[in-house]
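Here the numbering used here is used: the first residue of the sequence shown is -2, the next is one more, and so on.
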Amino acid sequence: MGRQRGVGDGAALTLDKLGVPKDREGRERYVREMFDSISHRYDLLNRLLSFGQDVLWRKAAAALACGDGVERVLDVATGTGDLALEVARRLGSRGRVVGVDFALGMMRVGLAKIEREGMAARVRMVGGNGLALPFGDGAFDAATTAFAARNVADLPGFFRELRRVVRPGGRVVCLELSHPSPALWRWLYELYFYHAVPRIGRLFIGRSGPYEYLPGSLTDFPDPVRLASVMAAAGLSRVRYRLELGGIAAIHVGEVPQPADG
Ligand SMILES: C[S@@+](CC[C@H](N)C(=O)[O-])C[C@H]1O[C@@H](n2cnc3c(N)ncnc32)[C@H](O)[C@@H]1O
């Protein structure tokens, strides 16, 4: 059920063609160094390239994560902390959020925002790998992750880890870019995403690489139906998703089964 290539011909950019290492260690080093190298421009480019939509998508993801009885939330691959902060704002003073990431430069930008917002008592940043989280089983009421799944070397393993650290009955919420399906919308979107975005990125960071990687990381990423089945295979139940802006992004939600669910 791979995605059809060709419309807008954006799909020509792949991680293989960009020379991203295939082995886990090499890929993680590449991803970590790349995000650290753009950390100073990351938030600005997110707002610009998504026309501010990323903010609304994170708000929607935070709302889906913060149901009744949710107080402790882990934001995996938190980067500059925007989703962690959004979750903390939504939880209010009862909430405690931990953001975990392996790119320390990204987290440094996040820490400055946390300080500026006076949220240091509620949001903590921890260095760590999403594929081997430094937390015990069931330590959190919910886990969130935004724009990270495309970057991990082992997608099933990533969701198994998210599932592991959430208590039974808790939610795992994944916000990620996706593949719009209406043909005309997809064609327009791919023209923008695969052709304009790399140019705008180059303009702002002064070199090519990261903003070729961004569309390249989407090309072979599973469509929403397949992503839902990856999450279900990782042991999450009642997996569902909603599409944002005609499928440019998708928010998936899965639940950690209660023992009685089998
Ligand atoms: C596109 S950024 C998303 C940041 C943030 N979640 C947001 O909403 O803007 C992807 C982040 O995932 C992190 N990342 C990728 N793979 C990771 C892994 N295996 N463990 C921890 N962090 C990872 C990168 O360091 C980067 O900060």
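Beta carbons are placed, not taken as given, at the ideal position from N, Cα and C, and that holds for glycine.
| query | result |
| --- | --- |
| Length at least 4, wholly inside the region 170 to 255: the alpha helix (DSSP H) runs in chain order | 180 to 188, 194 to 202, 207 to 216 and 221 to 230 |
| Per-residue DSSP class, three states only, for MET122 | strand |
| Beta-ladder partner(s) of GLY96, from DSSP | ASP72 and MET122 |
| Own chain residues within Cβ distance below 7 angstroms of GLY125, not counting five before or after | VAL97, PHE99 and PRO131 |
| Whole-angstrom distance between ARG196 and TYR208, CA atom to CA atom | 8 angstroms |
| Cβ neighbour criterion (16 or more within 10 Å) applied to PHE265 | Coverage of the chain is limited to positions -2 through 259, which leaves residue 265 absent and any answer about it impossible. |
| Any non-hydrogen atom of ligand 1 within 7 angstroms of LEU53 CB | no |
| Start-to-end residues for the alpha helix (DSSP H) that takes in ASP40 | 21 to 46 |
| Beta-carbon gap between VAL95 and LEU71 smaller than 8 angstroms | yes |
| Buried versus exposed call for GLU25 [16 or more other C-beta atoms within 10 Å across all chains shown] | buried |
| Whole-Å CB distance - ALA58 paired with ILE248, under 8 angstroms assumed | 5 angstroms |
| GLU241 to ALA109 span [Cα, whole Å] | 29 angstroms |
| Alpha-carbon spacing of ALA140 relative to GLY166, whole angstroms | 12 angstroms |
| Residues bridged to PHE137 [DSSP beta-bridge criterion] | VAL163 |
| Local Cβ density within 10 Å of PRO179, reported as buried at 16 or more and exposed below that | exposed |
| 8 angstroms CB neighbourhood of GLY16 in its chain, flanking five on each side removed | none |
| Collapsed DSSP secondary structure at ALA257 in the structure displayed | helix |
| Proximity to ARG157 [Cα-Cα], best of TYR210, LEU82, GLU252 and ALA257 | GLU252 |
| Nearest-angstrom Cβ-Cβ length linking ASP79 and ARG55, presumed shorter than 8 angstroms | 6 angstroms |
| Nearest-angstrom Cα separation, counted from LEU128 out to GLU22 | 12 angstroms |
| Start-to-end residues for the alpha helix (DSSP H) that takes in GLY110 | According to the sequence as given, residue 110 is Lys; it is not Gly. Element bounds for LYS110: 101 to 113. |
| Ligand 1 heavy atom lying under 7 angstroms from the CB of LEU224 | no |
| Cβ-heavy atom distance, MET122 to ligand 1, below 7 angstroms | no |
| Own chain, CB closer than 8 angstroms to ARG204, minus 5 neighbours either side, in chain order | none |
| Test item: CB-CB of LEU174 and ARG147 under 8 angstroms | yes |
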